[in-house]
Amino acid sequence: MPLCLSYLPIGLACGILLHAAGFNFFMTFLVSVVVFSGGAQFLIASLLTINAPLLSIVVTLFFLELRYALLGSSLSKYMRNQPQRFIWLFSVSLNDENYAINYLKFATDKNWTPRQALMVEHYSLISWALANLVGSLVGSAISINLEIVDFALTALFLYMIVMQVRNRLTLIIGLLSAVLAAVCLVATKSTIGIIISTLLASFVGFFIESRLRHTNTKAEKWMFGKVRGPAMTRKTIEEKNES
Amino acid sequence: MDNLLLSAPVIAQSVTSTMDSWDHLLLIALAAVAAFIPRYFPMRFFTKREIPEWFNEWMKYVPVSLFTALVVKGIFIDTATYSFHLFGHVNQIIAAVIVIIVTYMTRSMALSVLAGLAAVAIITFMM
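Top to bottom, those sequences are chains V and B. With the first sequence counted from 1, adding 985 to any position gets you the numbering used here. With the second sequence counted from 1, adding 538 to any position gets you the numbering used here.
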């Protein structure tokens, strides 16, 4: 499965970083199973090394995981007839990459069942946890320049930003958030700045969107004009299905 | 020995961490809750009823805002003093551009991250 392979390098880097942050073998395994999110685990590691307060780590994590609310609710229409227990199992092993695969399958393949989707999730969870464990071992065996491995987090988020940008408004909100983040971080002198700037920027985006939706002006057309993005994002699949 | 450790910031931070294993366990437990709530509850509610429009519209902008904030923190903010340095990590800025280009061309998460790591390693080595 190519999906499982794609988890390996990032899982390795994540394991190495968690080891450097003071997590032992068992802790790394536990966190990779119960949290199962590359971004979140990188964030735990990097915030631990700068001794950020516990509460601030957890709140930042919560906002980071909020994106799954969007992913989960968009898959929910395919899960209408499933029992509660199944939805529970499915949602705990939801992840960015297996979501992309499952959404594509559900949207294009009529015979794709929720049960098969769950299998995809479980395979990806297993390969992710294994990659983390190997990374943890590698991290204890050799010493690596942490600044370089730490860049994996930045690279991962850059990847997700590029995949998210679909119209000019998203791009503007991204830039606005960048400025706000710098200002808030310097002003608050702690990681709380990230949370404040995220809330501000997302509300501005929400506000502009709901304002423009109700007026049919040139500004609206420009704002929602497509930016040449990477092909076949979730949005493009949705649009194809509608047309 | 302590002074020696403190003079090497990166090493000192990982060694003189204020948390022990129990704190780590607590953190994992809280992180699991933080990971679970946004994944489970929207899915559970929206398998029963329709998704409200405002929720979707707001959620569209949360990831982009958060990711850029974290990237800015990673590249431009010195986390020891929380001061802003535009060219504090030139190696990371160049690598970030490479990551964006690779993402654009391949749409592959693994390739993008690997290219970024390779770029930052090579540039740091050359500087």
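Positions of the beta carbon are idealized from the N, C-alpha and C atoms, including for glycine. All of these numbers come straight from a predicted model, not from anything done at the bench.
Taking C-alpha positions only, B:D558 is separated from V:G1007 by approximately 8 Å. Closest option to B:V602, judged by alpha-carbon separation, among V:V1189, V:I1072, V:S1195: V:V1189.
In this structure, V:F1142 places its C-beta atom within 8 Å of the C-beta atom of B:L608.
Rounded to whole angstroms, the Cβ separation of V:G1159 and V:I1146 is 6 Å, and the two are in contact under 8 Å. In the same chain as V:A998, and ignoring 5 residues on each side of it, the C-beta atoms closer than 7 Å to its own belong to G1120, V1134, A1137, in chain order. In the DSSP assignment, V:P1068 falls outside any alpha helix (DSSP H) and carries neither an H nor an E.
In this structure the segment 1084 to 1096 of chain V touches the segment 1057 to 1076 of chain V; the number of beta carbon pairs closer than 8 Å is three or more. V:G996 and V:N1117 have their alpha carbons spaced roughly 5 Å apart.
DSSP places B:I566 in the helix class (H, G or I) of the three-state scheme.
In the same chain as V:L1115, and ignoring 5 residues on each side of it, no C-beta atom comes closer than 6 Å to its own. Within the segment 1134 to 1202 of chain V, the runs of alpha helix (DSSP H) at least 4 residues long that lie entirely inside it are, in chain order, 1153 to 1173, 1177 to 1198.
The CB of B:W596 comes closer than 7 Å to the CB of S1187, F1191 in chain V, given here in chain order. The C-beta of V:N1130 has fewer than 16 other C-beta atoms within 10 Å across all chains shown, which makes the residue exposed. Secondary-structure assignment with DSSP links B:I615 through a beta bridge to B:F622. Under the criterion of beta carbons closer than 8 Å, B:A569 and V:L1046 qualify as touching, at roughly 5 Å. Taking each of V:F1011, V:S1175, V:A1054 in turn and checking the Cα distance to V:L1032, the smallest one comes out for V:S1175.
B:H627 carries a coil assignment under DSSP once its states are collapsed to helix, strand and coil.
With respect to chain V, the C-beta atom of B:V637 has a partner C-beta closer than 8 Å.
The beta carbon of B:V628 does not come within 8 Å of any beta carbon belonging to chain V, so the residue lies off that interface. Listed along the chain, the chain V residues whose CB falls inside 9 Å of the CB of B:M664 amount to none; the nearest CB is some 13 Å away. Here V:W1097 carries a coil assignment [DSSP, helix/strand/coil].
Across the segment 993 to 1010 of chain V, CB contacts with chain B closer than 8 Å involve L993, P994, I995, A998, A1005, A1006, G1007, F1008, N1009, in sequence order along the chain.
Scanning V:L1079, V:V1077, V:L1051, V:I1035 for the CA closest to the CA of B:T619 turns up V:I1035. The three-state reading of DSSP puts B:M597 in helix, counting H, G and I together. Between the segment 627 to 643 of chain B and the segment 655 to 665 of chain B, the count of Cβ pairs shorter than 8 Å is three or higher; the stretches touch.
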